[in-house]
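Participant: Going line by line, the protein sequences match chains A and B.
No gaps in the numbering here: position 94 of the first sequence is 94 in the numbering used here, and each next residue is one more.
No gaps in the numbering here: position 16 of the second sequence is 16 in the numbering used here, and each next residue is one more.
Note that beta-carbon positions come from the ideal geometry of N, C-alpha and C, so glycine has one too.
This structure is a prediction, so every number in the text was calculated from the model and none was measured.
Number of protein chains: 2
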Amino acid sequence: MKPVTLKDIAEQLNISVTTVSKALKDYPDVSKKTRGLVRELAKTLNYKPNTFAVNLRTKESKTIGLVIPVIVHHFFSNVIKGIISQAEKKGYLVIILQSNESYELEKKQIDLLLSQRVDGLIISIANGTADFNHLNEVIAQEKPIVMFDKIAKLVKCSKIIIDDRKAAYTATQHLIDIGCKRIAHFRGALLPQNSIDRFLGYKQALIDNNMPYDPTLVYICELGDKSFEEGKQNARQLLQDHDDVDGIFINTDLVAIGAMTEFKALGVKIPEDIKIVGFSNWFMSSVISPTLTTIDQPGYKMGKTAFKQLFKEMNAIKNKKPKKPKIITLETELIKRESTKS
Amino acid sequence: MKPVTLKDIAEQLNISVTTVSKALKDYPDVSKKTRGLVRELAKTLNYKPNTFAVNLRTKESKTIGLVIPVIVHHFFSNVIKGIISQAEKKGYLVIILQSNESYELEKKQIDLLLSQRVDGLIISIANGTADFNHLNEVIAQEKPIVMFDKIAKLVKCSKIIIDDRKAAYTATQHLIDIGCKRIAHFRGALLPQNSIDRFLGYKQALIDNNMPYDPTLVYICELGDKSFEEGKQNARQLLQDHDDVDGIFINTDLVAIGAMTEFKALGVKIPEDIKIVGFSNWFMSSVISPTLTTIDQPGYKMGKTAFKQLFKEMNAIKNKKPKKPKIITLETELIKRESTKS
DNA sequence: AAACATCCCGAAAACGTTTTCGGTAAAAAC
DNA sequence: GTTTTTACCGAAAACGTTTTCGGGATGTTT
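1) Within 10 angstroms of its Cβ, does Ala171(A) collect 16 or more other Cβ (buried), or is it exposed?
2) With a cut-off of 8 Å on the beta carbons, I'd call Glu229(B) and Ala189(B) a contact; round off their distance for me.
3) Could I get the ranges of all uninterrupted alpha helix (DSSP H) runs contained in the segment 126-187 of chain B, with 4 residues as the minimum, in chain order?
4) Taking the straight line between their C-alpha atoms, what separation do you get for Ile250(A) and Phe263(B)?
5) Whose C-alpha, out of Val70(B), Val138(B), Val17(B), is nearest the C-alpha of Asp225(B)?
6) Say whether the segment 160-169 of chain A touches the segment 125-138 of chain A, bearing in mind that this needs 3 or more beta-carbon pairs closer than 8 Å, one atom from each stretch.
7) Please confirm whether Gln116(A) has its beta-carbon closer than 8 Å to some beta-carbon of chain B.
8) Within the segment 77-101 of chain A, note down every full alpha helix (DSSP H) run reaching 4 residues or more, in order along the chain.
9) Can the beta-carbon of Pro322(A) be found closer than 8 Å to that of Cys157(A)?
10) With a 10 Å radius around its C-beta and 16 neighbouring C-beta atoms as the bar for buried, classify Asn14(A) as buried or exposed.
11) Let me know the alpha helix (DSSP H) ranges lying completely inside the segment 278-331 of chain A, each 4 residues or longer, listed in chain order.
12) Taking the alpha-carbon positions, what's the Val72(A) to Leu266(A) distance?
13) Could you work out which residues of chain B lie near Ile95(A), taking near to mean beta carbons separated by less than 7 Å?
14) How should Leu154(B) be labelled, buried or exposed, when 16 other C-beta atoms within 10 angstroms of its C-beta is the threshold for buried?
15) Determine the DSSP secondary structure at Gly247(B), reduced to helix, strand or coil.
16) Our contact map puts Val17(B) next to Ala23(B) with C-beta atoms below 8 Å; I'd like the distance itself, whole angstroms only.
17) So what's Glu333(A) in DSSP terms, helix, strand or just coil?
18) Hey, which unbroken runs of the alpha helix (DSSP H) at 4 residues or more fall wholly within the segment 29-76 of chain A?
19) Quick one: residues in its chain with C-beta nearer than 7 Å to the C-beta of Ile207(B), no 5 flanking neighbours on either side, listed in chain order?
20) With a threshold of 8 Å on Cβ separation, who are the neighbours of Thr34(A) within its own chain once the five nearest residues in sequence on each side are excluded?
21) Suppose the cutoff is 6 Å on Cβ atoms and the five residues either side in sequence are ignored; what does the same chain contact list for Lys203(B) look like?
22) Could you tell me whether the segment 293-301 of chain A touches the segment 277-284 of chain A, where touching means 3 or more Cβ pairs closer than 8 Å?
23) Which residues in chain A have a C-beta closer than 9 Å to the C-beta of Asn78(B)? List them in chain order.
24) Comparing the C-beta of Ser289(B) with each C-beta of chain A, is any distance below 8 Å?
25) Could you please give the first and the last residue of the uninterrupted alpha helix (DSSP H) stretch that includes Gly120(B)?
26) List the endpoints of the continuous alpha helix (DSSP H) containing Tyr202(A).
27) Taking the straight line between their C-alpha atoms, what separation do you get for Gly201(A) and Ile80(A)?
28) So Leu135(A) and Gly65(A) are supposed to be a Cβ contact under 8 Å. How far apart are they, rounded?
29) Run down chain B in chain order and give the residues with a C-beta less than 8 Å from the C-beta of Phe52(A).
30) Within this structure, are the beta carbons of Val146(A) and Ala316(A) separated by less than 8 Å?
31) Below 8 Å on the Cβ atoms is my contact criterion, and I expect Gly231(A) with Val255(A) to pass it. Report the Cβ-Cβ distance as a whole number of Å.
32) What are the start and end residues of the alpha helix (DSSP H) that includes Val17(A)?
33) With Gln86(A) and Lys304(A) assumed to form a contact (beta carbons below 8 Å), what rounded beta-carbon distance in angstroms separates them?
34) Quick check: the Cα distance between His185(A) and Leu239(B), rounded to an integer number of angstroms?
35) Any C-beta of chain A within less than 9 Å: which residues of the segment 255-269 of chain B qualify?
36) Select from Thr58(A), Asn55(A), Tyr27(A), Leu6(A) the residue whose C-alpha is nearest the C-alpha of Leu45(A).
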């Protein structure tokens, strides 16, 4: 009933534990004959090495930690899938924790993962995070850490991102190209780098096209669990504040969908009255009515890339050849749909 | 640079490792004074117990495994969130793997988790799974396992489910109540219990209302990654086969949304020409047009309940008082929306 | 003063693996 | 026939923790 150990195999074959271990790990100093015997018996007894012991001995867990702001989220669940699939290929398992966009929780989760002694960390930081000591501590411990999407510019680690600024610029330019004269922006929270960058891209596009930048046209969403509601609220507010807006670039599809729902309810026609561009290309955006123009953000690929990079760094550290951080930028694409039909 | 161990603390205080360990774990046979000293030093040195050693010694990992068919999925990501949040409260971490609806992969993933020596398993079985030996083996190893949603009736373990049959009955009855005379059903794959039960509920409702059951009105979807496409295909096929259908009960919202998209493209009006009820209450269903009537399936709660049950069983096994399996049925609710407006 | 209980501490074994280092025997070289 | 190489094996230490058990000191009861 008890799990089979090296000792059990050794005793049955009348050889030492050492030899059994070596036989199973293809050490050169064990004869073909005994290697064969060990292999065979191990198989019939269904021997599985005790991970706890292996971990203790080798000081690695073949496990990585993943901290994300939200789990029920199209983009993030794609990232999760990408990370897990890639990790599996390399024999790593993934422990997932959620920060819920809170700095305190994020800190706690990272602590938890470190005390579990994961071999590496992948993280997309919370909206609430402005202080990065908890992240720098990870690096100080020589644990590799890779950030994706929502990164902290000041932390020296590898990052997998998109060019948010460029993508936002493209989105806004698209609105301008199809004739919008007064374009609003629903931005994300104030702290996250990507929401800053998307805002800057929006602003730059206006300036480059000789259109005035009007701060009152910029609305803030905290995102998190209530994105949809925020979209509705901002849409209502926008109509009250400015009746001349004919285009909006919105930080996230879910917010955009909330806004569209509200506009529809209030009798504002899309795209006739207001044209809308979202961000992320949630699946939903292709099935709602009207379908939503958006920026495709490659979540699955981002996850895969993040793990690949982490894997390289974990190996580099094992071989005492730590690498310098790398920033990988993945391509995005403007997906034109009905919400910006001219 | 190296992590602090009990030994380090012991040496600095000139006491034994034993005493340090006991002091930190509130053993009664250590004086208040030394306990205080140990505690203090542990804190200043930022001592974190080495999980690998603890695991090896205690034979538990405080980690559970979760195997689900798909990750990028509204229902399942809600379950994930529920499990993780509850596990965290009890000091457990969660390792997630995806079976991709494949029996082979499911088997492999379970093996992986067992060799990682997780303390328990939560699983929703794949469409492709017809043989349950891999699950019975887990039970034979005295590892608790809890199934949810897609269960195997024949495996003796706890299960968290909804009453699929009743829910499907309610959904179909609703279509009948609003005047549908000829109701089709897009069912799930042939093997999964819940897709069987939903089909049976549909059939029963017809019979109880003296409506003929017509097998040619039942279409099969394999689900998995291509649910949306299957919905479209089946919708097209249905129109060819039967031009008199005025209502459809569909196994999953995503398939229903695919069908609605196709109907819209083909000029079939919903709910005027055909009324539709989905299943699961994906968020999407409340924002598409027309909004989709569906059965709300409490994913988050299911996840929480599943972990709670697993937790009980893990403790029971630790205390050598194994419990008998429990089947917990959660309530569902019919959410009436535009797709069945009469 | 002897007997007993109480309080505190530490030695040692155990969990199962990996890896270093020596050692013995047989084969090869001189 | 002696030395050197090669092939194979095992003892032992180590990873860091937990827990059992015994024992010494101090205090309390006869």
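Facilitator: On the basis of the data shown:
1) buried
2) Wrong, their Cβ atoms sit about 15 Å apart, outside the cutoff.
3) 133-140, 164-177
4) 30 Å
5) Val70(B)
6) no
7) yes
8) The alpha helix (DSSP H) runs lying completely inside the segment 77-101 of chain A and spanning 4 residues or more number zero.
9) no
10) exposed
11) 299-318
12) 29 Å
13) Leu93, Val94, Ile95
14) exposed
15) strand
16) In fact, because the Cβ distance is near 11 Å, the residues do not count as touching under 8 Å.
17) The answer is strand: DSSP assigns Glu333(A) an E or B state.
18) You should have 32-44, 51-58.
19) Tyr213
20) Leu13, Ile15, Thr19, Ala23
21) Tyr213
22) yes
23) Ile71, Val72
24) yes
25) Gly120(B) -> not in any alpha helix (DSSP H); beta strand (DSSP E) instead, spanning 120-123.
26) DSSP places Tyr202(A) in the uninterrupted alpha helix (DSSP H) bounded by 193-208.
27) 28 Å
28) In fact, because the Cβ distance is near 13 Å, the residues do not count as touching under 8 Å.
29) Phe52, Asn55, Leu56, Lys59, Ser61, Arg117
30) no
31) 4 Å
32) 17-24 is the extent of the alpha helix (DSSP H) around Val17(A).
33) 5 Å
34) One C-alpha to the other measures close to 43 Å.
35) Ile257, Gly258, Met260, Thr261, Lys264
36) Among Thr58(A), Asn55(A), Tyr27(A), Leu6(A), the Cα nearest to that of Leu45(A) is on Leu6(A).
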